[in-house]
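Heads up, the sequence shown is in UniProt numbering, so the first residue is 1 and it goes up one at a time.
To start, the structure itself, in structure tokens.
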Amino acid sequence: MLIQPHIPDTWTSLKFMINWRGAKVRIHVTHDNFSILSNKKLQFINYGQNYQIEPQEKMEIPLKK
């Protein structure tokens, strides 16, 4: 999964949920960072960096400016 979020300048944040290969993934994006939470082990890429989270482990990642 490749995640490179960006929100419009006039928005403060965006929250959404997706189903990815049987995992329920919650993503919250602000102008400074995004957080990701999954009910299953999940691997994803953000701007070339590989990440892995465990079930119910919330990870916050700063956004590149």
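All residues carry an ideal CB built from backbone N, CA and C; glycine is no exception.
Look up residue i in the DSSP assignment and say whether it is helix, strand or coil.
i: I3; result: coil
i: Y51; result: strand
i: R21; result: coil
i: T12; result: coil
i: E60; result: strand
i: H31; result: coil
In terms of alpha-carbon separation, which member of the options lies closest to residue i?
i: K15; options: Q4, F34, R21; result: F34
i: H1; options: M59, Q52, P62, Q56; result: Per the sequence shown, the amino acid found at residue 1 is Met instead of His. The option with the nearest alpha carbon to M1 is Q52.
i: W11; options: R21, I18, H28; result: H28
Under the DSSP definition of a beta bridge, which residues are partnered with residue i?
i: N46; result: Q49
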